[in-house]
Every structure is written in C-alpha cells, then in structure tokens.
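In my numbering, the protein residues as written are 311 to 608.
C-beta atoms are modelled at their ideal positions from N, C-alpha and C, and glycine is treated no differently.
Read through the structure below, which is laid out as structure tokens, and then see the notes.
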C-alpha cells in the first residue's frame, strides 16, 4: 500500500441542524481527487471524530470508500483512549472497507511508553488493518518517543507514523526510522516542507482540504528534494497557514468551506464557529489570493 505524498485529513461537513451533510462530503472527496490528493483520512482530528456517533462514523466511512472506489487509499481514524475500544473500532473500519487505520496516541490517560508499546502492538495484532501511529502531544498530553516507535515499526502491520511535532530534533529522529516498509509522515502543515526534505514520505494535511492542488505541489517538490521549489510552494501557502492558525482545528478550515461550495462552517460543541471579524476576513483573503495564484500559474 502506497500511503505517501499529499494526504488530506478530511473535515466532516455538517448541515445547519448539525446532521451529517453527505452531499457536501461527496463534493469534498471529489475536490480532493481532482486536486491530486494521494490518500484520504476519514474521521481524524480534523473530521471531529470524537463528536461523531457510531452510526455516523459508519455512514461517513462507507460513503467515502464507495465514492473513492479504490482510486486512493482511505484511512480511518480509529484511535480511542482505551485499547479494547481502539481494537473494536479498527475492526469496524476494516469491515466498512478502510485500507488502513490512523491510531492516535491514547488521549487524556497519559500512558507510559510501555503502555503505548503494548497498546499499539495489540491494535496491530487484533485490529485487522495496517496501522499508522499518530503522535500529537499537544492534543493527547502524551508523547510517543522515537525509541518506542523504533520498537513498534518491527511489527509487520505497523506501516508508519504521522508525527505532529515539527521541531528539528524530532524531524531528524523520525527521518532516521523511515524505511521502505515504514513511512514517516509529517502531521504539521507549517513544517511539512522541512520534514519531507529531511526524509518524510508525505504529509497528512489540514490545509489540503482547501487547496489540494497547491499542497500536492509542495509535497511533490519536497519529496523530490527540490529545495527551491519547496520554498516557493511554502511561501505561497504561508498566508493561508497563518490564517488557519487563528482557532482550534477544524474551526478555521470549516469557516472556509462555504466559499468553495464544500459545505457549511458548522462545527459541533464544544467547538464553535469562527466569528465574523478580522480572522475570518484574513482567512478568505489568503484563500482568494492563493486561488488567484493557482489560476495564474496553472
């Protein structure tokens, strides 16, 4: 399975009444495929996974699998705070047709490294899907250390890691662990180019929801060791990346969906929509400028 390059962590569109908006989700899927996105994550952090009911997770994933129809890998977010729940959700994702599972470090409970080791080995052994580890300490309160990752990559069902820490030391440590059967994926849009130039095989991105073609260009340049091209692509994306940083993900990215015809800005509590004001104006200005640039150079 080739899970590399430009990968979108999909937002989950909701209707005005808060229900799933599957027609909008279908448009988002089509937009990603047309823009060159190389794999898709359903029900990850950006997809408000922990706000979804069980039947909504099933409907969302089944819809994506059917619509994508094997053109790119579909990765399901299946991480829970407990190991048994994670295994069960991973099995359900397999039954629904997912190609792999993105399994976040158990949140809130703050397990030790030995607990993380056993957790992931259990999911890999019993979940029934190839596993991508997902480390995002700012959200989980727990850091999956490179030494633990080095042990976990020896399991044949553990195929890679999404690492959201973007400091140079962590990037270098994870790049050393990459090999043909274990991919290192950046999980931080702001440092994605740096990570890919250092050896990451791709990026699981938030901003790709809005500008899949531009983000694919960044990934192609960086994974191709084109430093000048990477710098140009990053400079073009930088205003939008900064604008998206105005609120907790996915508040800002969903605020930009209506302008693209890809859904409403609706989020579920305890998240709230981005207020009208300078942040929203800056977001739409950055998106419009990037769209104009893409049209001019495309």
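Distance CB(residue i)-CB(residue j) smaller than 8 angstroms
i: residue 318; j: residue 488; result: no
i: residue 443; j: residue 468; result: yes
i: residue 398; j: residue 418; result: no
i: residue 538; j: residue 600; result: no
i: residue 493; j: residue 313; result: yes
N- and C-terminal bounds of the alpha helix (DSSP H) containing residue i
i: residue 484; result: 478 to 487
i: residue 376; result: 364 to 378
i: residue 397; result: 393 to 405
i: residue 390; result: Per DSSP, residue 390 belongs to no alpha helix (DSSP H) and is neither H nor E.
Extent of the continuous beta strand (DSSP E) to which residue i belongs
i: residue 444; result: 441 to 445
i: residue 387; result: 384 to 387
i: residue 336; result: From DSSP, residue 336 is part of no beta strand (DSSP E) but of the alpha helix (DSSP H) over 332 to 344.
i: residue 493; result: 493 to 496
i: residue 315; result: 315 to 319
i: residue 434; result: Run containing residue 434: none in the beta strand (DSSP E); it sits in the alpha helix (DSSP H), 423 to 436.
Residues bridged to residue i [DSSP beta-bridge criterion]
i: residue 414; result: 444
i: residue 358; result: Its beta-bridge partners do not exist; DSSP assigns none.
i: residue 324; result: 330
i: residue 471; result: 443 and 494
i: residue 350; result: 318 and 384
Short CB-CB distance (under 8 angstroms) between residue i and chain C
i: residue 472; result: The structure shown contains no chain C, having only a single protein chain.
Validate contact between the segment 570 to 590 and the segment 319 to 338 using beta carbons, cut 8 angstroms, 3 pairs: yes
Ranges of the alpha helix (DSSP H) found wholly within the segment 505 to 541, counting only runs of at least 4: 522 to 533
Stretch pair the segment 532 to 540 + the segment 503 to 522: three plus CB contacts closer than 8 angstroms: yes
Segment contact flag, the segment 425 to 442 with the segment 475 to 482, C-beta cutoff 8 angstroms, min 3 pairs: no
Sufficient close CB pairs (3 or more, under 8 angstroms) joining the segment 551 to 559 to the segment 323 to 331: no
Any 3 or more C-beta pairs closer than 8 angstroms across the segment 401 to 412 and the segment 366 to 386: yes
The segment 349 to 364 touching the segment 542 to 550, judged by at least three CB pairs closer than 8 angstroms: no
The segment 457 to 472 in contact with the segment 426 to 433 per 3-pair CB rule at 8 angstroms: yes
Residue ranges of each alpha helix (DSSP H) within the segment 561 to 585, 4 or longer: 561 to 565 and 567 to 570
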